[in-house]
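Colleague:
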Amino acid sequence: MILAFAGNLGGFLWAAWAGVAACMVGDALLRVRLLAAAGQMRRQMEAAIDDAGTGGGARAGLGASASNADLLALCLERLRRAESNLAAERVRAAELETAGGELQNSLRDAQAEKAALLEKFASGDAVLRKAHTVCTKLSAEAQHLATLVSEVNQGVGVQRDRLNETGGAMEAVAQGAQESSMRVREVSENAHTASASASASKQEVDGAVASIDKLKDTIVLLKEAMAGLGEKASNIGKVMAVINEVADQTNLLALNAAIEAARAGEAGRGFAVVADEVRKLAEKTMGATKEVEEAVTAIQQETRRNAETVEAAAHLGVEGATSASLAGGRLGEILEAISGTAQHLQAVAATAGVQSNNIEDANKALEEIRIVAEQTSGNMQVFTAALLTFQGGMEELDMIVNAMVSGDYERAASSKFVQWTPRMELGISEIDRQHRMLVDYINDLHSAMSNHRSAEELLGILHKLHDYTSTHFRDEEKRFVHTDYPSVKDHLQIHREFEAKVDEVERGIKQGTVTLSMDLLSFLKDWLVQHIMGMDAQYVQYVKKGARAPVRKGR
11 MILAFAGNLG
21 GFLWAAWAGV
31 AACMVGDALL
41 RVRLLAAAGQ
51 MRRQMEAAID
61 DAGTGGGARA
71 GLGASASNAD
81 LLALCLERLR
91 RAESNLAAER
101 VRAAELETAG
111 GELQNSLRDA
121 QAEKAALLEK
131 FASGDAVLRK
141 AHTVCTKLSA
151 EAQHLATLVS
161 EVNQGVGVQR
171 DRLNETGGAM
181 EAVAQGAQES
191 SMRVREVSEN
201 AHTASASASA
211 SKQEVDGAVA
221 SIDKLKDTIV
231 LLKEAMAGLG
241 EKASNIGKVM
251 AVINEVADQT
261 NLLALNAAIE
271 AARAGEAGRG
281 FAVVADEVRK
291 LAEKTMGATK
301 EVEEAVTAIQ
311 QETRRNAETV
321 EAAAHLGVEG
331 ATSASLAGGR
341 LGEILEAISG
351 TAQHLQAVAA
361 TAGVQSNNIE
371 DANKALEEIR
381 IVAEQTSGNM
391 QVFTAALLTF
401 QGGMEELDMI
411 VNAMVSGDYE
421 RAASSKFVQW
431 TPRMELGISE
441 IDRQHRMLVD
451 YINDLHSAMS
461 NHRSAEELLG
471 ILHKLHDYTS
481 THFRDEEKRF
491 VHTDYPSVKD
501 HLQIHREFEA
511 KVDEVERGIK
521 QGTVTLSMDL
531 LSFLKDWLVQ
541 HIMGMDAQYV
551 QYVKKGARAP
561 VRKGR
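Start counting the sequence shown at 11; every next residue gets the next number (the working numbering).
(1) Inspect the CB distances between the region 447-464 and the region 534-547 and report whether three or more fall short of 8 Å.
(2) Going by beta carbon distance, what residues of the same chain come within less than 6 Å of Ala274, once the five residues before and after it are set aside?
(3) Please classify Asp546: is it buried, with 16 or more other beta-carbons within 10 angstroms of its beta-carbon, or exposed?
(4) Ends of the alpha helix (DSSP H) at Gln503?
(5) From Leu220 to Met236, what distance separates their C-alpha atoms?
(6) Report yes or no: do the region 498-518 and the region 478-485 share at least 3 C-beta pairs separated by less than 8 Å?
(7) If I'm right that Val320 touches Leu232 with Cβ under 8 Å, what's the distance once you round it to whole angstroms?
(8) When DSSP labels each residue in this structure, what does Trp430 get in the three-state scheme?
(9) If you compare alpha carbons, which of Tyr552, Gly217, Gly350 and Leu469 is closest to Val197?
(10) Taking the alpha-carbon positions, what's the Glu329 to Thr228 distance?
(11) Just the Cα atoms here: how many angstroms apart are Gly342 and Ala206?
(12) According to DSSP, is Gly350 helix, strand or coil?
(13) Apply the 10 Å Cβ neighbour rule to His528 and answer buried if 16 or more other Cβ atoms are within range, or exposed otherwise.
(14) Would you give the residue range spanned by the alpha helix (DSSP H) that Arg489 belongs to?
(15) Taking DSSP as the reference, what is the three-state secondary structure of Ile438?
(16) Does the beta-carbon distance from Ala285 to Ala257 come in below 7 Å?
(17) Report the CB separation of Phe490 from Tyr549 in whole angstroms; it is logged as a contact under 8 Å.
(18) Have a look at Arg517 and Ile471 and give me their C-alpha separation to the nearest angstrom.
(19) Suppose the cutoff is 6 Å on Cβ atoms and the five residues either side in sequence are ignored; what does the same chain contact list for Glu87 look like?
(20) How long is the line joining the alpha carbons of Gln188 and Leu376, rounded to whole angstroms?
(21) Tell me where the alpha helix (DSSP H) around Val524 begins and ends.
(22) Do the CB positions of Met434 and Ile519 come within less than 7 Å of each other?
(23) Please report the straight-line C-alpha distance between Arg314 and Asp223, rounded to a whole angstrom.
(24) Which value, in whole angstroms, describes the spacing of the CA atoms of Ile269 and Met296?
(25) Output the boundary residues of the alpha helix (DSSP H) element that contains Tyr552.
(26) Can you grab the Cα-Cα spacing for the pair Gly556 / Asp494, in whole Å?
(27) Assuming Met250 contacts Glu312 (C-beta within less than 8 Å), just tell me the rounded distance between them.
(28) Which of helix, strand or coil does DSSP assign to Val493?
(29) CB-CB under 7 Å to Leu262, same chain, minus the five flanking residues each way: which ones, in chain order?
(30) Starting from the Cα of Val524, find the closest Cα among Ser497, Ala465 and Glu384 and give me that residue.
(31) Quick one: grab the DSSP three-state call for His462.
(32) Leu534 and Met459 look like a contact to me (Cβ under 8 Å); what is the Cβ gap, rounded to whole Å?
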């Protein structure tokens with residue numbers, strides 16, 4: 011679309027350029043011929059008409075105009091008749107009245123011819139002014155078109171930059187997709203490995219669950235055995251209680267037997283000895299029974315603790331078996347999930363591969379678009395240069411026509427953009443030299459732009475112009491600031507505003523927001539010429555008088 015627009019625009023501009031240039035050149039040539047012929051003829055006719063009464067002047071004026079264009083042939087013929095009539099009038103005094111009438115007719119004819127020439131001169135002037143208006147309008151349209159082309163060119167540049175960025179991003183995305191595909195394959199392989207490990211782990215968990223179940227059964231049997239042992243220990247305690255009771259009774263009987271033996275005296279002495287032995291045996295039995303009872307009690311307590319421990323172990327065994335069973339179920343679910351994830355990862359890897367191929371195709375398309383954008387940008391730059399050349403030619407032609415309208419043929423024929431004239435001289439040699447330097451810088455800038463120099467060269471010349479202008483202003487201000495010049499503040503303000511304007515233009519050109527055009531050059535030229543001939547001319551008399559006398563303060 012941009013190339014089509016540029017092509018149509020280029021065709022239109024070249025056609026407009028050719029038509030307008032042909033029209034303006036024809037008008038300019040006609041204007042030159044009319045001005046040259048009309049100026050000379052007007053002077054000669056005025057001299058002929060004014061000197062007709064005296065006789066000799068008409069002949070000299072008419073003789074000098076014999077080489078004029080065919081446009082003046084009729085007028086020359088009538089002037090020759092007037093000359094012959096005037097000569098005859100001198101010779102024939104008697105025919106003075108008749109010859110005078112013919113002379114009056116000739117003068118009226120000459121005046122009519124003069125009026126016709128003046129009318130043609132006015133028509134030519136109107137044509138030139140119309141051509142000036144057309145040139146100005148076309149120059150403005152060309153400037154507007156150049157601005158649009160510059161905006162399009164900037165848009166193409168931005169598009170090219172964005173395409174470069176997008177291409178880089180697409181390459182990064184493609185590389186990322188390839189890496190993602192590799193990572194997905196690795197994860198898929200790891201998932202298969204994890205699935206195999208999970209399957210083996212499930213088998214081990216199933217074996218652990220079976221072992222825990224066996225342990226649970228063993229603990230239950232141990233619990234039952236410990237309960238039986240506790241019961242047996244309780245029965246032993248009962249038996250020991252009976253034995254202890256028997257020992258008490260035996261001890262009591264031995265005591266009674268000893269009492270009875272003591273009553274029997276000597277006859278019961280032997281029985282007393284037996285009773286005493288029985289008592290001692292009963293006491294030993296009671297001591298042993300007490301020790302056994304304590305041991306049985308300790309065994310019972312330990313048995314109860316073991317029973318409680320076995321009970322807790324049995325409970326934990328049941329819980330462990332339940333947890334192991336649940337873990338086996340969860341591990342089975344994890345195994346199924348890993349298997350499904352592996353399948354999904356394989357699908358993702360395949361999709362990533364397809365996506366990587368698509369991104370490569372898109373990247374190739376973006377590269378082709380970028381190449382086309384660069385070509386378009388180059389074509390737009392060439393077109394912009396041609397358009398600026400056309401605009402410069404139009405503005406230069408407009409300047410020539412404007413100079414011809416104002417009668418300044420020297421400026422119209424000059425090849426310099428700013429022509430130094432004696433009217434620009436102030437009579438201060440150093441200031442005049444500096445003004446000439448400023449004029450040369452502006453002419454250098456115009457020449458560089460007309461020859462399509464690089465933007466760096468144009469900026470370099472503009473920067474030199476800026477620096478030299480600032481230096482000139484400072485030197486100039488030192489000369490008039492201490493004089494009686496009444497417009498010092500206004501003059502300084504004008505200098506500062508101009509420096510700020512040039513600063514703004516220079517920054518705009520560097521940033522790409524301002525283009526160096528004929529409008530800017532015209533502004534520089536008009537400002538400099540008008541400032542020198544207008545503002546600067548005002549301080550000359552005060553500078554030549556010298557600095558004002560210092561005012562002494564009273565004591």
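We put the beta carbon where it would ideally sit given N, CA and C, even for glycine.
Modeller: In this structure, then:
(1) Yes, the region 447-464 touches the region 534-547.
(2) Hits under 6 Å: none found.
(3) Within a 10 Å sphere around the beta-carbon of Asp546 sit 16 or more other beta-carbons, which makes this residue buried.
(4) Per DSSP, Gln503 belongs to the alpha helix (DSSP H) from Val498 to Gln521.
(5) A small fix is needed here, since residue 220 is Ala in this sequence, not Leu. In this structure, the alpha-carbon of Ala220 lies about 24 Å from that of Met236.
(6) Yes: the two stretches touch, three or more of their Cβ pairs being nearer than 8 Å.
(7) Rounded, the Cβ-Cβ distance is 5 Å, consistent with contact.
(8) When secondary structure is reduced to three states using DSSP, Trp430 falls in the coil class, being assigned neither helix nor strand.
(9) It is Gly350.
(10) One C-alpha to the other measures close to 15 Å.
(11) Rounded to whole angstroms, the separation of the alpha carbons of Ala206 and Gly342 is 12 Å.
(12) Three-state DSSP puts Gly350 in a helix.
(13) Looking at the sequence provided, one finds Met at residue 528 rather than His. Met528 comes out buried.
(14) Where Arg489 is concerned, the enclosing alpha helix (DSSP H) starts and stops at Ala465 to Phe490.
(15) Coil, per DSSP.
(16) Not closer than 7 Å, so no.
(17) Contact flag correct, Cβ pair sits at about 4 Å.
(18) Annotation: Arg517 to Ile471 spans about 14 Å, alpha carbon to alpha carbon.
(19) So the list is empty, once near-sequence residues are dropped.
(20) Gln188 and Leu376: Cα-Cα distance of roughly 19 Å.
(21) Premise fails: Val524 is in no alpha helix (DSSP H) and is neither H nor E.
(22) No; because the gap between Cβ atoms is not below 7 Å, this pair is not in contact.
(23) Looking at the two C-alpha atoms, the distance is approximately 25 Å.
(24) Cα-Cα distance, rounded: 21 Å.
(25) Its alpha helix (DSSP H) spans residues Ala547 to Lys555.
(26) Taking the Cα positions, Gly556 is about 9 Å away from Asp494.
(27) The beta carbons of Met250 and Glu312 sit about 17 Å from each other, so the pair does not count as a contact at 8 Å.
(28) Residue identity check: residue 493 is Thr in the sequence provided, not Val. When DSSP states are grouped into helix, strand and coil, Thr493 belongs to the coil group.
(29) No residues qualify anywhere along the chain.
(30) Comparing Cα-Cα distances from Val524 to each of Ser497, Ala465 and Glu384, the minimum goes to Ala465.
(31) Coil at His462, not helix or strand.
(32) Not confirmed; about 12 Å, so no contact.
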